[in-house]
Every structure is written in C-alpha cells, then in structure tokens.
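Trainee: Start counting the sequence shown at 3; every next residue gets the next number (this note's numbering). Structure incoming, see below.
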Amino acid sequence: MARLTKKRKEALAKVDSSKAYTLEEASTLLKEITFTKFDASVDIDVRLGVDPRKADQMVRGVVALPHGTGKDVKVLVLCSPDKEEEAKAAGADYVGLDEYIKKIEGGWVDVDVIITMPTVMAKVGRLGRVLGPRGLMPNPKAGTVTLEVGKAVKDVKAGKIDFKVDKSGIIHASVGKISFSAENIQDNVKEVLQTITKLKPSAAKGTYFKSIHLSTTMSPSIKVDSSTF
C-alpha cells in the first residue's frame with residue numbers, strides 16, 4: 003500500500019467524509035486541500051438516477067462555463083477549403099482536411115477538440131475507430147459538427163464543454179483550475195448542474211442527483227449536498 007505523504011494526511015484530515023458540504027463550502031475547502039505544484043484541474047462527478055442503457059434516459063449536453071476551463075484548448079477543424087480562413091480567424095490551432103485525416107489514421111491525436119462540417123462527415127466518419135475511444139469524434143449534439151465552424155471554435159476556446167453520462171450513470175467533467183477563485187469555481191459548477199437539471203429525461207424516476215463530488219487532480223473528494231439542485 004502506498005505511504006501517505008504529510009500533505010496528503012493534512013488534506014484528508016480537513017475533509018469530513020460523512021458530511022455533505024454546501025457548494026460554497028466545498029469550493030473553498032477544495033483550495034485548502036490541494037497542494038500540487040502545478041495548476042490542478044477541478045473536476046466534478048455527478049451520479050444520476052438514470053439507466054444509460056436505455057436510449058430515453060441518456061443524458062448528454064454542452065455547457066459554456068462562465069469563467070472558462072482555464073485550459074489552453076487545442077482545436078482541429080476539418081473543413082472544406084472555403085471555410086479554412088474562417089476557422090483560422092476564430093483561433094483554430096490546426097485547419098485542413100485530407101492531410102489531417104491521414105495524420106490521424108497514422109496515430110496523431112494531439113488535440114483536445116475536433117470540429118468539422120456535415121458536408122465532409124463522409125470522410126471524417128472513417129476516423130471513428132481512432133477518435134471514438136478518445137472522446138474526440140465530432141458530434142452534432144456537442145456542436146462540433148456544424149457549418150458555423152468559426153463560432154464553434156470561439157465557443158470551445160471560451161470554455162464550452164460537452165459531457166455525457168457513462169455506463170455507470172456518472173457524468174465526469176472538468177470545470178476549471180484550482181487557481182480560480184472559490185467564487186468562480188462555484189459559478190462554473192452551478193452552470194454545469196443547472197444544465198444537467200434541464201436535461202433530466204422524462205423517463206427517469208426517483209432521485210435525479212444521486213451524488214455530487216468535487217475534487218482536483220490529486221486531492222481527496224468532497225461530497226456536495228445535492229438536495230439543493
């Protein structure tokens with residue numbers, strides 16, 4: 003068993019595992035128990051009362067975080083030549099089509115988000131086996147298959163993220179960096195939870211938010227009181 007470091011022990015001592023904290027308390031405490039030398043990501047895990055095996059209980063959506071993700075997102079736009087300048091002007095890191103399709107088929111996936119157009123999906127579709135397992139396959143529901151490539155790039159760069167409930171009924175998402183103020187972390191988390199609330203499937207019965215936890219890259223997990231959402 004791995005030996006606990008002094009700082010890890012200090013962090014664990016500050017968290018009451020039997021308590022459900024308010025979002026305000028959790029956001030503040032999170033900053034007190036993170037000791038990484040790098041700017042750790044703030045993550046949220048939401049367990050929902052849904053059965054993702056049933057199509058009418060799948061929860062998937064997009065949300066624009068008020069304060070962004072704090073991350074420099076690398077964006078690849080796979081588009082026709084007439085849209086290349088629009089994508090570049092919007093801030094895309096890589097723009098093209100056939101040459102990048104070949105690179106991806108060869109194993110290159112050094113990007114965070116891929117945006118494409120409906121008119122070229124016939125070509126992009128064959129990358130599903132490479133991009134699917136990595137969560138990089140463009141999807142209309144996530145706003146990454148669109149004719150408005152410039153707007154899509156700006157949205158992603160500004161902090162737009164997509165999320166999807168996994169097979170265990172849990173949504174995992176990164177909602178900022180620990181360098182954010184506690185208030186900014188709260189704002190981002192509230193926006194995510196409010197969006198998930200709006201997406202509640204009519205077929206889902208009983209308690210929708212089973213549990214909510216906040217953590218950073220290497221911190222203990224903090225349980226958030228889900229009764230207020």
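Beta carbons are placed, not taken as given, at the ideal position from N, Cα and C, and that holds for glycine.
(1) Just the C-alpha distance for S20 and V226, rounded to the nearest angstrom, thanks.
(2) Taking its Cβ as the centre, do 16 or more other Cβ atoms sit within 10 Å of I130, making it buried, or is it exposed?
(3) Can you tell me which of the three DSSP states K11 falls into?
(4) State buried or exposed for Q59, treating a residue as buried only when at least 16 other CB atoms are found within 10 Å of its CB.
(5) Within 10 Å of its beta-carbon, does F40 have 16 or more other beta-carbons around it, so buried, or fewer, so exposed?
(6) Only counting the same chain, and skipping five residues up and downstream in sequence, which positions put a Cβ closer than 7 Å to that of I35?
(7) Using only the alpha-carbon positions, how far apart do A1 and T218 sit?
(8) Select from G137, V147 and T7 the residue whose C-alpha is nearest the C-alpha of M123.
(9) By Cβ distance below 6 Å, which residues in the same chain neighbour D45 in space, the five residues on each side in sequence not counted?
(10) Which same chain residues, not among the five before or five after A62, have their C-beta less than 8 Å away from its C-beta?
(11) Look at the alpha carbon of V132 and the alpha carbon of K104, and state the distance between them as a whole number of angstroms.
(12) Quick one: is K169 buried, meaning 16 or more other Cβ sit within 10 Å of its Cβ, or exposed?
(13) Is it buried or exposed for P120, if we count other Cβ within 10 angstroms and need 16 for buried?
Mentor: Short version:
(1) 11 Å
(2) The question names Ile, yet the displayed sequence has Gly at residue 130. Under this definition G130 is an exposed residue.
(3) helix
(4) buried
(5) exposed
(6) A13, K16, V17, S221 and P222
(7) Shown here, the chain extends from 3 to 231; a query on residue 1 therefore has no answer.
(8) V147
(9) S176 and S217
(10) The sequence shown places Arg at residue 62, not Ala. Excluding residues within five positions, the ones whose Cβ falls inside 8 Å are K143, A144, D164, F165, K166, V167 and L201.
(11) 12 Å
(12) exposed
(13) exposed
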